Every structure is written in C-alpha cells, then in structure tokens.
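Worksheet: one structure, shown below.
Chains as they are written, first to last, in our numbering: chain U, 1 to 278; chain R, 279 to 494; chain P, 495 to 741.
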C-alpha cells in the first residue's frame, strides 16, 4: 500500500510511474490485439481500441457482445488471454522486465489500477459498513489519507450525489438508486482518471434510474474525468458521450460521435440494434 | 440398588472444581478451534497449491479420525519428541485442533457465501488483500456463521470429558477419581450427566434464538 | 524400546475387527432408533411427538462418554445384570447416535412435499403404506449424505469404549504402547486405520447415495476433491457436527 503524498491534486490517483494525468487529450487507454475467451467462446477477438484522456466513451451493442468484458479487463477482474492493455502509457497486466514483457506482479497491477475506478451493476457496496465508511475505506487504506481528510472528501461527494444526509445509514437501508449513487461517490473518492460504468442502471427500478443518470450527467459535464460506459440507456449515451462504440461479437463494428451513430449509422447491424432498443 | 444422597453431598465440592476445569478447558479450546479454523479456511482458499493441498489433507485426516486417539498421540508422542505440556494444555490443544477442522468447514461456507461482487468491489477500490479480508470479507462471513460456530461450542462441551482420559480432572475426571476412592460411581456420574444437560440445553436454545435473528 | 512384534500386530488387527463390529452393530441399532424416533417426532399424536422429542433433546445435551460410563456402571447395579462390555457399548452408541440420526430422518421426512402425502391419501393408502411406498423412498436419498457424516462420527465415537475396557483398536494401541514403550508408531498406525475405515465407509455411502438418487431419477451431485464428506453447508451443520452437533 503506497500512500499518496499529494491528496490535494485533482487527479490524486496519478503516481510518478504513470503518465501525466492532466487532461490533454492524449491517449489514456489502449487495447492491443486483446483476445478473451471463455472456454470455446471467444468474447473479444484481437480487439484494438483506444480512449483519449478526458473523453466520455459509451459502448453499446447486444448483450454478450463483450462490452462488459472490456470493463472487467480494465479493472483487472479478469486477465486477457492474448494481447496487452495500457493505461496512461503503462502496461496494465504486463510489465517490462529486462526488455521483455512478462505478466505483471501484484505491486505493478496495484500501481496502475489506482488510476481506474468502477461502478457496478449490482452496486456492490459493503453491507457491513455505513455509507460514509464505504467511501472512506479505500482513501484511508489505499491512498493513505487521514481519517478527517477522507471524511471531508466523502461528505463532499455525498453532497454531490445528493445523499449528504445519509452518512450514517447502512447500505441495506437505502433504495437501489441511493445505493448506486453512494457507489458512484465511493469510486470518485479515489480520484481515478478513468471511471468505468458497468450497466449502472440495469438493476434499478425504473423510477430510480433518472436520479442516478442525473448524477452521472452532472459529473460528466462538471469534471474532466474519463468515462467508459456500458449502458442500455441510449438517451443518456447520447447526452454524455463524445464517442460511441458499437460492439458485435467481440469486435467494434462501428464508432463515431453520438450524432453520427444514433443519427446516421453506417452499419446495417447498428441500425438493427438501435431500432430494437430505442 | 440404592441411591445414596450423602454420596452426592460428598461429591459436590470436587464436582465444582471439575466444573471450573471443564469451563476453563472449553473456553481455551474454543479459542483455539475458532482461530485455527479460520487459518485453515483461508489457507484452503490460497491459490498456492503448496499451501492449500497440505492443509486440506491434514484437516481431512484430523476430522475423520477419533479425538481420543489424537489426544493419546499428543499426550504420549509429544514428550517423546521433547515437547512437554501439562495435561490440560494437551487437552486444550487436542480438542481445539480437532474441532478447528470442523470450524474450518463452517468458515469456508461462510466465506464462499460472500457475493463475488464484494471481492470485485474491493479490487476496484484497490484495497490491499489483508484489508479486503479484514474489513470486507470476514465481517460478512463471520456474521453468517456465528450460529453454526455456536453449535460446535456445544459439541465441544460434550466432548470435553475426553480429556479426562489423559488425566485432566474436569467433571468426569473428578467423578472417576471420586468413584475410585469411595466405590460409589453412579451418583457422581449422574450428577455430571445432569450437569452436561443443564449447561448444554439452554446453550442450544440460546443458539437457536440467535440463529433466527442472524440468518435471514 | 522395541519393534511392534507379529504378536502385537495380531492384537492390533483383532482390535480393528472389534472396532468394525462395534461400528456395524451400533449403526444397526442406531438406524432402528433413528427411524423410530425420527418418525415418532412427526407423529400426529402430541404425546408421541413430545416423548420422542424429549428423547432427542436429552441425548443432544448429553455427553456420549458420560452416558457410556453410566451404562457401564449404573445398568449392572440397577438391573442386576452385567452386560458384556461389547454389548453395553453397542447399546450406548446405538441409543446416542440413533438420537442424532432421528433428526436426519425427521428433517428428510418433513422435506417431502405435502402434495406427495395428499397423493397418498387420494390413493387411499393407509398411513403405513403411504410412509413405506411414498414418503420414505423420497426422503431416503436426502438422508444418505448426512447419515454418512454421522456414520463417521459413530466410527470415531467407538474409540471411547476402549476407556471402558472393550478391546477395540484404540485399546490395542494402549497395549502396544505399553509393550513397546514407543507411542508414535502405533498411534500413527491406528489413526491411519481409522482414516482408511472412514474412507471405505464414505465410498460405500456414495454408492448408496448414487443408487438412492437414481431410484428417484436424480443425478449424483458433484463433490469437492479430497473431501470425505458432504460439504457441511450452514443449514446442515446442525446434524453433522462433532458428536452429532447441537442445533
């Protein structure tokens, strides 16, 4: 656990080993011929793609097309079978040792992973901790913030997501929408450069979806955080995205601005998909 | 046969000594069983085969062989290897070690019951492994397994007289000693038998109430 | 200090045979007790339920070893006849483990769906017919895995009788230890023998389980490698733990 010495830095997750975290439109995430299989099923097939710093990128496509797998690979919840992933210029699952690329050690993964935050479909809040501690746990024990600093940061974030008054609640006492907003605050408390959003509204009752999306819109427009988002909420995707990637069968079949993809897609498959979900 | 109340009266002073030793042995061996069991459960989850395999083999072996023989083993063999403990310590180690292989299974089930999303959230927050275990997984796992662990406390209480066989003067040990001196065996045995029911029955009622509250 | 001589080995194997006999006879008695008490606990008359329930509760609170001592010392005094130690042991073990087993029987019978009972009634079976032809065949496959655990507990429990002078394998162990003056070899041998017995019993019970499951058209479950027992999930821990557990 390495303490972060500059918690006041707006992108405090960055360390000296990673690339300059400032938003300059430089390449932040890069997939190089990434292949992922489950048994005989190839979910990602030699996938190449990149995301520039500060961009909001949405992945759309039919379920099972490998969108979520991309997020899970980035979060190191699974390992690619082939290919490499770079985050901020650093290999994520590999490291260079003696001029050769070898599978990364725990320490290396930990260091690069600091730049990435994730919000899950099922929230995954820690039920044994109150809301505030859910948010402060990692800043204290990973970034090395003092309890007070972490508390202050957590309270600010809870205000941001509209739950400033629920610090002392346990997650089970909250609605799904509230839990998801806490989960967003929890991810942001680590000041990641990249926020991964994995179908964050899919597990919510319909009436609770809007509140969560509003919070995310707010964050997308008011911060320069890079977002990588898997969603079935096409209106939301249109609102926040700089770029939309259409996935099918483990490949990106089309990418472009939301206006382009939602308005006048090139690919027949995209057209079909959109007419089915819109 | 005639029931001799005066014999009961004569037995009572040493009986209370025995109760104290029984409870002392129980508390200590429960601590051993609960702690070691957790160690086994975590070791069995290790991704290192060199750790998980031997632990699985050893715990399976201990769990499927008699506590009595294990007590003899510890009591007679350890001194041959130059390790000497008091009878009580040996008994506590034996009882605790034996039951740690049961509590390990309980912990394992509890840990497996923590949703995989909790591990993933901990990874996403970059929590160190030790912190993930201590702050996230174990608090959730242990809450679920408290009633099951409680059952083993009662089971251990009932097996605690086995340590009388290596000379610990707990309740049964005191009864045997009393019987060998006075040739009145039945009265002290009945007293001890009732004592076990008197301790174990309310304990298991309490556990059932606890189980209803904790396991939803 | 000396080797374990052929004569001593013979002692050990005789003891092993006694242990096997003890296990088989106690299990047989225990099975009868478990079935009778277990079914009585689901009986429609409250007095039957109460008495059988009391039997179970008393044994659940009782230390098996203390009960064994009582059987050995009190029965001869109270009834004027001296049981052969072997049979006193079988009696004590059968009554004790039968009580634990009754919980397994009761649970499995209670788990058979009420619709099956109603079907039995609809076909005008007598209660006994319904039990024999409908309820028990369906409850049986559910009983086998926890009974396997209990059987291993019973096997381990037979070691206790050595304290009361039954010359089982543990008793033989003490004799050999005295004769050779060494503890490690003989107790290692004995522990391994118990483990092998447990292993063999588990294999047998798995066959039985497979057969029972096939009898009602189910596939056998997958198991963890290495493990002799059905995994104690939390719900089942009550009847599988230690000396029968205390749930």
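Note that the Cβ used here is the ideal one computed from N, Cα and C, for glycine as well.
Bear in mind the structure is a predicted one, so any value in this text is a computation, not a measurement.
Contact check for residue 582(P) and residue 560(P): beta-carbon distance about 14 Å, past the 8 Å limit, so the pair fails to qualify.
Shown here, residue 243(U) sits in a strand according to DSSP, grouped into three states. If the five residues before and after residue 550(P) are omitted, its C-beta is found closer than 6 Å to the C-beta atoms of 593, 596, all from its own chain and listed in chain order. Around the beta carbon of residue 390(R), a 10 Å sphere encloses fewer than 16 other beta carbons of the protein chains shown; the residue is thus reported as exposed. In this structure, residue 316(R) keeps its C-beta atom at 8 Å or more from the C-beta atom of residue 370(R). Unbroken beta strand (DSSP E) stretches of 3 residues or longer found wholly inside the region 48 to 103 of chain U: 56 to 60, 82 to 87, 94 to 97, 100 to 103, given in chain order. The beta carbon of residue 271(U) lies closer than 6 Å to those of 265 in the same chain, with the five residues before and after it left out. The Cβ-Cβ distance between residue 101(U) and residue 94(U) falls below 8 Å.
DSSP places residue 449(R) in no beta strand (DSSP E) but in the uninterrupted alpha helix (DSSP H) bounded by 449 to 460.
One finds nothing in chain U with a Cβ atom closer than 7 Å to the Cβ of residue 387(R); even the nearest lies about 18 Å away. Between the region 599 to 610 of chain P and the region 535 to 552 of chain P there are three or more inter-stretch CB-CB distances shorter than 8 Å, so the stretches are counted as touching.
For residue 41(U), the secondary structure class from DSSP, reduced to helix, strand or coil, is strand. Residues of the region 643 to 672 of chain P with a C-beta atom less than 9 Å from some C-beta of chain R are 646, 649, 650, 651, 652, 653, 654, 656, 657, 663, 664, 667, 668, 671, listed in chain order. In the DSSP assignment, residue 227(U) falls within the beta strand (DSSP E) that extends over 226 to 230. In the structure shown, residue 248(U) falls within a strand segment according to DSSP collapsed to helix, strand and coil. The Cβ atoms of residue 182(U) and residue 143(U) lie no closer than 8 Å to each other. The residue among 191(U), 244(U), 162(U), 119(U) with its C-alpha nearest the C-alpha of residue 75(U) is 119(U). A straight-line Cα-Cα distance of about 30 Å links residue 282(R) and residue 302(R). Contact note: residue 589(P) does not reach chain R at a C-beta cutoff of 7 Å; the least C-beta distance is about 13 Å. At a cut-off of 8 Å between beta-carbon atoms, residue 418(R) makes contact with chain U.
About 5 Å separates the CB atoms of residue 136(U) and residue 154(U); that is less than 8 Å, so the two are in contact. Sequence-distant partners of residue 400(R) (beyond 5 residues in either direction) whose C-beta falls short of 6 Å from its own C-beta, in its chain, are 410, 414. Residues are counted here when their Cβ sits less than 8 Å from a Cβ of chain R; for the region 554 to 566 of chain P these are 554, 555, 556, 557, 558, 559, 560, 561, 563, 564, given in chain order. Closer than 8 Å to the CB of residue 371(R) there is not a single CB belonging to chain P. Taking a Cβ-Cβ cut-off of 8 Å, the neighbours of residue 358(R) in chain P comprise 676, 677, 678, given in sequence order. For residue 198(U), the enclosing beta strand (DSSP E) starts and ends at 194 to 198. Taking 8 Å as the CB threshold, residue 552(P) lines the interface with chain R. Secondary-structure assignment with DSSP links residue 153(U) through no beta bridge to anything. Close CB contacts of residue 176(U) within its chain, under the 6 Å cut and outside five residues either way in sequence, are with 204, 208 (chain order).
Contact of residue 605(P) with chain R by beta-carbon distance below 7 Å is absent, the smallest such distance being about 18 Å. If you draw a straight line from the Cα of residue 156(U) to the Cα of residue 235(U), it is about 28 Å long. Rounded to the nearest whole angstrom, the C-alpha separation of residue 670(P) and residue 347(R) is 13 Å. Spanning the alpha carbons of residue 708(P) and residue 611(P) requires a straight line of approximately 22 Å.
For residue 657(P), there is no enclosing alpha helix (DSSP H), as DSSP marks it with neither H nor E. Using a Cβ distance threshold of 8 Å, residue 230(U) and residue 42(U) do not count as a contacting pair. For the region 400 to 429 of chain R, the set of positions with a beta-carbon nearer than 7 Å to some beta-carbon of chain U reads 401, 402, 403, 404, 405, 406, 409, 413, 414, 417, 418 in chain order.
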